[in-house]
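2 protein chains.
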Amino acid sequence: MIKLQPSQSLHESVREELRRRITAGAYSVDLPIPSTAMLSEEFGVSSITVKRALRDLQAAGALVAVPGKGTYVKRQQRLLRQLDVMQPSLDDTSIRGVSITREKITDPTMNALAPPDHVMLCIRKTIWTDDAPVMYDLTYLSPEIDNEIVDEFGTKFVVDALKMHSIHVQKTRIVIDAAPASGTVEEIFDVPNGYPMLRRLYRMETSDPGITVYGVLQAPFDRLACTVNFP
Amino acid sequence: MIKLQPSQSLHESVREELRRRITAGAYSVDLPIPSTAMLSEEFGVSSITVKRALRDLQAAGALVAVPGKGTYVKRQQRLLRQLDVMQPSLDDTSIRGVSITREKITDPTMNALAPPDHVMLCIRKTIWTDDAPVMYDLTYLSPEIDNEIVDEFGTKFVVDALKMHSIHVQKTRIVIDAAPASGTVEEIFDVPNGYPMLRRLYRMETSDPGITVYGVLQAPFDRLACTVNFP
DNA sequence: GAGTGGTCTAGACCACCCT
DNA sequence: GGGTGGTCTAGACCACTCC
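From first to last, the protein sequence lines are chains V and U.
Taken in order, the first sequence gives residues 751 to 981; the numbers are from this note's numbering.
Taken in order, the second sequence gives residues 751 to 981; the numbers are from this note's numbering.
Spelled out as structure tokens, the structure:
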């Protein structure tokens, strides 16, 4: 029977006990942890209360549940990326284009960057390392871009593609925030709804006065962090 | 009866329908939204399924539930702060000291800043605007600091307190990430477990070679975002 | 077929707020 | 006292995986 701390509900007690075990390394990373039925019996609570605790730990990135197999401790390893260096192509990373369309910028969170109101070229892609998606990038560009450059967007970072056509980034404004996962990113990263995501909204002015790049890059909190140095 | 989209469970359908209504402004910000019993009847699902959807929307920062009163749409307004300017004292902000202790740095997320292993001076404080906490700051300092300066830490930013004693910050390294809320910050910000938080881990070297400042500043995702400009 | 996690339900109890 | 949200339970069904 699990001890009930004062001012703590049952599912909280179960959750914290499991969290202690996980950080203490009591469960192997390759084997599933005990099933809800077993934990339910061990703690002396209903299986639903255990499920509640397990679901909260999934939402916090500590566990992953695989239907039909079991629940596993999530291995933690996170990329650290310089914020001021713009997209150096790392060896282990690969880019997969998702789509190239024409859309308006509708996301209200982009308002901080004062985006234009007209239809723009819209490129979606994912960045992978170790066969797992790390980042999801959504880029908006003026639609008058040369078609030759557009074709390269699926395989290169936008900045690199522009650079190869002698268009250089001159001023960059970045907004960094966190946000709960919802919709598209849930599926891309296979994370539950509400999962904490790190986001970088950016606006880049280029040497071509007609070309300003807008975009959002987002990643699950446990896969990416940013670094900056001052001065 | 709510329509069940293919490959979408009931509580997801309810959640998304409610999210649509919220963003459409169908519910007033000052009045509670319909109770779980009413929504349960309206959607033709059990009250538990409605509760599930409401809880997920709370975890995503869209709703707040007040026990005994009702569930309310959360008003959204977020501070935007420059990352390179170190803590300019804004007019509307006030600082409340929480505690000053002596502790070792134990949080493994600080490892990216290579903190020292010995016992350090540890200052916890909260930063408020509009009678609501916006940030929670945890600062670590060498314990040999002059007591006169220590006394000011409760009411000033550490950087400002040091500056008044002619100690200036020279090099700063920052790591920005997101993380689910747990433990202390849950209570400080009154957010549910797992709530997305924006964090800034920092290390500041000062003009005094014996004094290097380490710390973590964190805030709920819907209360703070950071800005940087390059070059 | 047995075990897993995920969903949905009904029903009960509690603490809280309001009138 | 009647409303609210929060917790905990039992029981059922499904889709999935593995043997």
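Glycine is no exception: its CB is placed at the ideal position from the N, C-alpha and C atoms.
Just checking: is the beta-carbon of residue i within a distance shorter than 7 Å of some beta-carbon in chain U?
i       : result
L948(V) : yes
R923(V) : yes
F971(V) : yes
N897(V) : no
D857(V) : no
As a quick exercise: from the options, pick the residue whose alpha carbon is nearest that of residue i.
i       : options                               : result
L951(U) : D910(U), P858(U) and N979(U)          : P858(U)
L863(V) : I926(V), P959(V) and M914(V)          : I926(V)
R805(V) : V795(V), E791(V) and T786(V)          : T786(V)
P981(U) : R953(V), C976(V), Q827(V) and L967(V) : R953(V)
P893(V) : R771(V), A969(V) and Y964(V)          : Y964(V)
V935(U) : R874(U), S797(U) and I850(U)          : R874(U)
T956(V) : R825(V), V909(V), V823(V) and D880(V) : V909(V)
A882(V) : H868(V), Q826(V) and S849(V)          : Q826(V)
V823(U) : A809(U), L967(U) and V919(U)          : A809(U)
D887(U) : A774(U), P946(U) and F939(U)          : F939(U)
A928(U) : M914(U), T773(U), R949(U) and E937(U) : R949(U)
P959(U) : H761(U), L891(U) and M885(U)          : L891(U)
S759(U) : T773(U), R802(U), E791(U) and I783(U) : R802(U)
Tell me the residue span of the alpha helix (DSSP H) that contains residue i.
i       : result
E762(U) : L760 to A774
R802(U) : S797 to A809
F939(U) : T934 to F939
V908(V) : V908 to K913
I877(V) : First-last for I877(V): M870 to T879, but that is the beta strand (DSSP E), not the alpha helix (DSSP H).
E902(U) : N897 to E902
Between residue i and chain V, is there a C-beta pair that is closer than 7 Å?
i       : result
P883(U) : no
A975(U) : yes
A929(U) : yes
I926(U) : yes
D910(U) : no
V978(U) : yes
D806(U) : yes
D780(U) : no
D842(U) : no
D834(U) : yes
Go ahead and label residue i buried or exposed: buried means 16 or more other beta carbons lie within 10 angstroms of its beta carbon, across all protein chains shown.
i        : result
G704(U)  : Summary: the structure shown does not reach residue 704(U), with chain U confined to residues 751 through 981, and so no result is reported for it.
A969(V)  : buried
D842(U)  : exposed
I917(V)  : buried
K906(U)  : buried
V764(V)  : buried
V795(U)  : buried
T799(U)  : buried
L781(V)  : exposed
M870(V)  : buried
G1046(V) : The requested residue 1046(V) does not occur in the structure, where chain V is confined to residues 751 to 981.
V779(V)  : exposed
H915(U)  : exposed
V816(V)  : exposed
H868(V)  : exposed
With respect to the beta strand (DSSP E) encompassing residue i, which residues constitute its N-terminal and C-terminal limits?
i       : result
S790(V) : Here S790(V) belongs to no beta strand (DSSP E); instead the alpha helix (DSSP H) covers T786 to F793.
V848(U) : T843 to E853
I961(U) : Here I961(U) belongs to no beta strand (DSSP E), and DSSP marks it neither H nor E.
K921(V) : V919 to P930
P883(V) : A882 to L891
A975(U) : L974 to F980
R831(V) : L829 to Q832
V823(U) : G820 to V823
V816(U) : L813 to V816
| At a Cβ cut of 7 Å, what residues of the segment 810-831 of chain U count as close to chain V, listed as they run along the chain? | A810, G811 and L830
| query | In the segment 860-873 of chain U, which residues sit with their C-beta less than 7 Å from some C-beta in chain V, listed in chain order? | reply | Taking 7 Å as the Cβ-Cβ cut-off against chain V, the residues of the segment 860-873 of chain U that qualify are A862.
| query | When Cβ atoms are compared, which residues of the segment 937-969 of chain U fall closer than 7 Å to chain V? | reply | N943, G944, P946, M947 and L948
| task | Quick one: which residues of the segment 784-803 of chain V get their C-beta closer than 8 Å to a C-beta of chain U? List them in chain order. | result | none
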